[in-house]
Amino acid sequence: MSNRMYRMNRRQLVHAGTAGALGIGLPRLEALRAAATRQQYAPAKSVIFIYAVGGMSQLETFDMKPSAPAETRGEFQPIQTVTTGIEICEHLPLLARQSHLYSLVRSVSHPYTGHGQGHMVMQSGRTALPIGFTSRAKRTDWPSIAAKAGYATKSRNNLPQALVLPELCDNEGLVSGQTAGRMGPRYDPWLVKASGTSKEFEWGPCPDCFHYDDKGFQRHQCAANPVFETPKLGLPNDVSGQRLSSRFDLVGKISRGQRQLEKNEATVGFDRYRQRAIALLTRGKTRQAFDVRNAADPVQDRYGRNKFGWSLLMARRLVDVGVNIIQVNLGHTGTWDTHQQQFPVLQQRLLPPTDQAVSALLEDLHQSGQLDEVLVVLASEFGRTPRIFVPTGAKTGLPGRDHWGPVQTVLFAGGGVQGGRVIGKTDRQGAYPVAAKKTPEDFAATIYQAMGIPATASWYDETDRPTHLYGGKPIAELF
Numbered sequence: 020m021s022n023r024m025y026r027m028n029r030r031q032l033v034h035a036g037t038a039g040a041l042g043i044g045l046p047r048l049e050a051l052r053a054a055a056t057r058q059q060y061a062p063a064k065s066v067i068f069i070y071a072v073g074g075m076s077q078l079e080t081f082d083m084k085p086s087a088p089a090e091t092r093g094e095f096q097p098i099q100t101v102t103t104g105i106e107i108c109e110h111l112p113l114l115a116r117q118s119h120l121y122s123l124v125r126s127v128s129h130p131y132t133g134h135g136q137g138h139m140v141m142q143s144g145r146t147a148l149p150i151g152f153t154s155r156a157k158r159t160d161w162p163s164i165a166a167k168a169g170y171a172t173k174s175r176n177n178l179p180q181a182l183v184l185p186e187l188c189d190n191e192g193l194v195s196g197q198t199a200g201r202m203g204p205r206y207d208p209w210l211v212k213a214s215g216t217s218k219e220f221e222w223g224p225c226p227d228c229f230h231y232d233d234k235g236f237q238r239h240q241c242a243a244n245p246v247f248e249t250p251k252l253g254l255p256n257d258v259s260g261q262r263l264s265s266r267f268d269l270v271g272k273i274s275r276g277q278r279q280l281e282k283n284e285a286t287v288g289f290d291r292y293r294q295r296a297i298a299l300l301t302r303g304k305t306r307q308a309f310d311v312r313n314a315a316d317p318v319q320d321r322y323g324r325n326k327f328g329w330s331l332l333m334a335r336r337l338v339d340v341g342v343n344i345i346q347v348n349l350g351h352t353g354t355w356d357t358h359q360q361q362f363p364v365l366q367q368r369l370l371p372p373t374d375q376a377v378s379a380l381l382e383d384l385h386q387s388g389q390l391d392e393v394l395v396v397l398a399s400e401f402g403r404t405p406r407i408f409v410p411t412g413a414k415t416g417l418p419g420r421d422h423w424g425p426v427q428t429v430l431f432a433g434g435g436v437q438g439g440r441v442i443g444k445t446d447r448q449g450a451y452p453v454a455a456k457k458t459p460e461d462f463a464a465t466i467y468q469a470m471g472i473p474a475t476a477s478w479y480d481e482t483d484r485p486t487h488l489y490g491g492k493p494i495a496e497l498f
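Residue numbers (this note's numbering): 20 to 498.
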């Protein structure tokens, strides 16, 4: 008998047969039991991991430096939040009114300045890169946080434990850090592809899209095609369960009736995929969770009628139907990669819809009494440099900031997190942590702890080799 998560005592082994009869895997059963004995606080039922793709600037959002030299402080001004002593950017006024609901960790740090490396470490929660690492996804990559959290928790309502929406990070190929990696494709988070954009480099909260051409010049444009499509969840009469895909492209596959196992998937875990696909397709409440374009007008207006707003509204509904972890990618490829024209892009294109959507999500969860049961996290692959400059060859002549791994600010709310706190501190220029430095491992451990996953948990690769799930310490100051 192989125990793939935790060492069991004799009494637990006695109950193993019952667990098998009920269809509950021993690893997940042990996780549930251990979580139930935790007395610190009730574990979060779900996590919404909001990922700002491209590198959100800490200096223009949650860690402003108004007293720094001009080449550092930037054009925006800080405003006071409802929490004494906490200031954030003037272009986040809605979040400023909700600072009692979230806390900021201003000292998350890693050593990398490349997108591929940043994606790998912040989405996997592991600083050391895997052997043979490239910026393209491979099966030797570390598993993503979403994949590991899904692996370590039990399915509810027979739904997938981990989902990613509305699209994957793709830069002329699938970016590393998003899959189950060496755990194997059966543990890949399910993709809910709801983004209808057709152009490769459309960035931002479409339909208010933008992109840069090869010379670095920024153009504003709207997508010719729908920018966000509600996934079609009807089950065609001629589609059999035997052709079910293990990872859904819910627009491109289900609506066209093209179901197939992934090429390298064989039939491992087929029944699990079949049952969860049926749950997605046949339950009215689940189908409604995806139908955000038909949500009531006041709801869409609060979240924003754009890709950011619809994505977070969908995530909020998926919490209600029982998905354990939902990763929401805010933008495609380099949306937050503000090397040039940083200030107009942030002011006009990125900060307002982010402020609107995230604040609507927090308000919804708070008013419904669910915030303690749902952990919300907002992070990026890295922050931005202290120095503002115009990149060589930039046609606009308007400055921005480069990639910066040594520090970023991460927002945490709900799931037992105490609001109105600031953890960590950076130096005068916002370049390096000077207090309470936190690592990607600490970031990931905080998510796992909030979900009630025991500190003794391990994940296993395809050769049955164990690795401890927790590589760092949960950020205790949040709780």
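Glycine included, C-beta positions come from ideal geometry on N, C-alpha and C.
query: Among R125, P162, V127, S126, which one has its Cα closest to the Cα of M139?
result: P162
- prompt: Straight-line CA distance for T352 to I472?
  reply: 31 angstroms
task: Determine the closest residue to I105 out of R92, Q197, F81, with distance taken between C-alpha atoms.
output: F81
- prompt: Under a three-way DSSP split, which group does A432 fall into?
  reply: strand
- prompt: If you count every other CB in all the chains shown that lies within 10 Å of the CB of T411, and 16 or more means buried, which is it?
  reply: exposed
message: Measuring straight from C-alpha to C-alpha, what distance separates F247 and W329?
response: 8 angstroms
message: Which same chain residues end up closer than 7 angstroms to E460 when comparing Cβ atoms and leaving out the 5 residues on each side of it in sequence?
response: G144, R145, T146, G490, G491
message: Can you tell me whether N190 is helix, strand or coil according to DSSP?
response: coil
message: What does the alpha-carbon distance come out to for the pair V342 and A413?
response: 43 angstroms
- prompt: Which term fits K326, buried or exposed, when burial requires 16 or more other beta carbons within 10 angstroms of its beta carbon?
  reply: buried
query: Alpha carbon to alpha carbon, what distance is there between N313 and R306?
result: 12 angstroms
- request: Hey, could you find the ends of the alpha helix (DSSP H) T486 is sitting in?
  value: Careful: T486 lies outside any alpha helix (DSSP H), inside the beta strand (DSSP E) at 485-487.
- prompt: With C-beta atoms as the reference, is V364 less than 8 angstroms away from T373?
  reply: no
field: 8 angstroms Cβ shell around N28 - same chain, five flanking residues per side excluded
entry: Confidence at N28 is low in this model, with a pLDDT of 37, below 50, so the placement of that residue should be treated as unreliable; the coordinate-derived value is given next. Contacts found: none.
field: L184 beta carbon less than 8 angstroms from that of L381
entry: no
query: Under the three-state reduction of DSSP, which class applies to R312: helix, strand or coil?
result: helix
- prompt: How long is the line joining the alpha carbons of Q360 and G402, rounded to whole angstroms?
  reply: 16 angstroms
query: Quick one: any contact between the stretch 183-201 and the stretch 148-163, if contact means 3 or more CB pairs under 8 angstroms?
result: yes
message: Closer than 8 angstroms is the cut-off here; do at least three beta carbon pairs connect the stretch 421-430 with the stretch 389-404?
response: yes
- prompt: With a CB to CB cut of under 6 angstroms and the five nearest residues on each side skipped, what residues in its chain are close to D421?
  reply: T404
field: Residue span of the beta strand (DSSP E) that contains Q99, given as start and end
entry: 97-99
task: Mind checking who A71 pairs with in its DSSP beta bridge?
output: L349, S399
query: Going by the beta-carbon positions, is the gap between I345 and I164 smaller than 8 angstroms?
result: no
task: Look up E481 in the DSSP assignment and say whether it is helix, strand or coil.
output: coil
task: Quick one: residues in its chain with C-beta nearer than 6 angstroms to the C-beta of S128, no 5 flanking neighbours on either side, listed in chain order?
output: P425, V426, P452, K456
field: Helix, strand or coil at R201 according to DSSP, with G and I counted as helix
entry: helix
task: In the DSSP assignment, find the beta strand (DSSP E) that holds Y121 and state where it starts and stops.
output: 121-127
- prompt: Going by alpha carbons, who is nearest to G73 out of W423, T486, A474?
  reply: W423
Reference V101, options R447, G439, T482, closest by Cα: G439
task: Tell whether a beta-carbon distance below 8 angstroms holds between A181 and A166.
output: yes
- request: Return the first residue and the last residue of the beta strand (DSSP E) that A181 is part of.
  value: 181-184
query: So T465 packs on L497, CB below 8 angstroms; how close in whole Å?
result: 7 angstroms
- prompt: Nearest to G350 by CA position, among M202, W222, D316, is which residue?
  reply: W222
query: Could you give the distance in angstroms between the alpha-carbon of A308 and the alpha-carbon of W209?
result: 15 angstroms
message: What would DSSP say about T91, mapped onto helix, strand or coil?
response: helix
task: Return helix, strand or coil for E106, following the three-state DSSP convention.
output: strand
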